[in-house]
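Worksheet: one structure, shown below.
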Amino acid sequence: MGLETKPLSSLHAKSSYDPADFEVPTGREEEWRFTPLSRLKGLHDGTVAASGNVLVTVNAAPEAAVETAGRGDARIGTAYVPADRVSAQAYASFEKATVVTFPREAVASEPTVITFTGSGEGAAFGHTVVVLEPMAEAVVVLEHTGSAVYADNVEFVVGDGATLKVVSLQDWADDAVHVSHHHARLGRDATFRSFVVTLGGDLVRLSPSVAYTAPGGDADLTGLYFADAGQHLEHRLLVDHSQPNCKSNVVYKGALQGEGAHAVWIGDVIIRVEAEGTDTYELNRNLLLTDGARADSVPNLEILTGEVAGAGHASASGRLDDEHIFYLQARGIPFDEARRLVIRGFFAQLLEKIELPELRERVFARVEAELER
1 MGLETKPLSS
11 LHAKSSYDPA
21 DFEVPTGREE
31 EWRFTPLSRL
41 KGLHDGTVAA
51 SGNVLVTVNA
61 APEAAVETAG
71 RGDARIGTAY
81 VPADRVSAQA
91 YASFEKATVV
101 TFPREAVASE
111 PTVITFTGSG
121 EGAAFGHTVV
131 VLEPMAEAVV
141 VLEHTGSAVY
151 ADNVEFVVGD
161 GATLKVVSLQ
171 DWADDAVHVS
181 HHHARLGRDA
191 TFRSFVVTLG
201 GDLVRLSPSV
211 AYTAPGGDAD
221 LTGLYFADAG
231 QHLEHRLLVD
241 HSQPNCKSNV
251 VYKGALQGEG
261 AHAVWIGDVI
271 IRVEAEGTDT
281 YELNRNLLLT
291 DGARADSVPN
301 LEILTGEVAG
311 AGHASASGRL
321 DDEHIFYLQA
331 RGIPFDEARR
341 LVIRGFFAQL
351 LEKIELPELR
361 ERVFARVEAE
371 LER
């Protein structure tokens, strides 16, 4: 399969299944200028072989069908075409894909948990497909742990009238490198809710994207990240509105502490000529808790039609509000506890969106542990 192009927009115009169709990144390209290429362990230039292993296990809801499929399976690669060299390399290099299907009108009685566990040796590539047939409803959790150099693609195919809620937890070991694309393709009146939590890893670059195939689609993308000293956590989002009367809402918040902690958030939204009636908004906030931490936040909104219901974006990065800290200290709360309360409040609204109480408490505990560090 060769090169594909998407006209009428300057954002993400090229896509292909073949790594050779993409130039090797040098770091001067707009899509790579924030990423420390030397820390990608060769995932970006083809110098790394698939010699490692990331074990994929699925604890599925009773209503779900779980299969292992080869590259020739018709369900693989139909919803998403890789948009950069690492994504294309992952597509060209994976051996078996995990396919999880929820049949028509099925309502999953419990979450389906897909766990990716790194073995700590060599590099690995993967591919996952989650399919919701029309009117189905499901919750899927993607959990990443262990040590790995890993690149993968995840396709979410959400059928007409279906509802998919996804939680993706990046809780890798401190030396892990993970580059991943998550792509959701929404049918008519489909609903997609994504919650991304990125806490672990040396370098994590996650690219969630959404495309609409019919009117009425509704996507909500939420993210939380906490970068420690030396960590590079990067989230690059794309919402491509190409159908009329669709919605999207993006809210990502992060906290950073320690020398060399670096967070990157890129939010790209395209409203194409045919996407009249689009309603979209994106927001990014970063808390810089110490000196030496850096946050780059770049919202991009490209509107190609004058008929929109709403469109906007905002981003900001700054330190803790001294007035909030003073208010709490004036009431007898020690500084460290006051600081913790303010940060907890910063993330609280996002954490409430995690509908699984056990997972919500686990994420909250991990954030608390980061603060203790």
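Numbering (full-length UniProt numbering), first residue to last: 1 to 373. No residue lacks a Cβ here, since even glycine has one placed at the ideal position from N, Cα and C. Here the structure is a predicted model, which means the values were calculated and not measured.
V167 and P215 have their alpha carbons spaced roughly 25 Å apart.
DSSP, read as helix, strand or coil, puts G223 in strand. By the 16-neighbour rule on beta-carbons within 10 angstroms, Q349 is exposed. Residue pairing from DSSP places S147 in a beta bridge opposite S119. Around the beta-carbon of S16, 16 or more other beta-carbon atoms lie within 10 Å, marking it buried. Under the three-state reduction of DSSP output, E307 falls in the coil class, being neither helix nor strand. Three or more beta-carbon pairs drawn from the region 299-313 and the region 254-274 are found closer than 8 Å, and the two stretches are therefore classed as touching.
Annotation for G223: V196, H235 and Y252 place their beta carbon closer than 7 Å to its own, counting only its chain and skipping 5 residues before and after. Counting only the Cα atoms, E370 lies some 32 Å from G312. At the C-beta level, D218 and S248 come within 9 Å of one another. Nearest to V250 by C-alpha distance, out of L237, I325 and S51, is L237. Within the same chain, and ignoring the five residues on either side of D160 in sequence, the residues whose Cβ sits closer than 6 Å to its Cβ are P134, G187 and R188.
Proximity to L142 across T163, A227 and Q170 peaks at Q170, based on C-alpha coordinates.
Contact check between the region 109-123 and the region 190-204: fewer than three CB pairs, one atom from each, fall below 8 Å, which does not count as touching. Per DSSP, I343 lies in no beta strand (DSSP E) segment; the continuous alpha helix (DSSP H) that holds it begins and ends at F335 to L351. DSSP places E155 within a strand segment (E or B) once states are collapsed to three.
Residue pairing by DSSP leaves S242 without any beta bridge partner. If you check the CB distance, T213 and R185 come in under 9 Å. The beta carbon of S207 lies closer than 6 Å to those of H181 and R236 in the same chain, with the five residues before and after it left out.
Per DSSP, reduced to three states, the secondary structure at A20 is helical. When DSSP states are grouped into helix, strand and coil, P357 belongs to the helix group. Look at Y91 here: in three-state DSSP terms it is helix. Look at L371 here: in three-state DSSP terms it is helix.
In this chain, the beta strand (DSSP E) harbouring P208 covers L203 to Y212. The closest CA to that of I76, considering only G126, E29 and W32, is found on G126.
The residues G118, G120, A173, D175 and A176, in chain order, have a CB closer than 6 Å to that of S147 in the same chain once the five nearest residues on each side in sequence are set aside. Beta-bridge partners assigned by DSSP to G312: Y281. For the set G292, A92, V100 and A79, the Cα lying nearest the Cα of A61 is the one of V100. For I266, the beta-bridge partners assigned by DSSP are R236 and V298. For G254, the uninterrupted beta strand (DSSP E) run begins and ends at K247 to L256, by DSSP. When only Cα atoms are considered, D291 and E259 end up about 7 Å apart.
Boundaries for E29: no beta strand (DSSP E) harbours it, and the DSSP string shows neither H nor E there. V129 sits buried, since 16 or more C-beta atoms from the chains shown fall within 10 Å of its C-beta. About 6 Å separates the Cβ atoms of R360 and L351, confirming a contact at the 8 Å cut-off. In this structure, the CA atom of A64 is about 34 Å from the CA atom of D202.
Secondary structure of Q329 (DSSP, three-state): helix.
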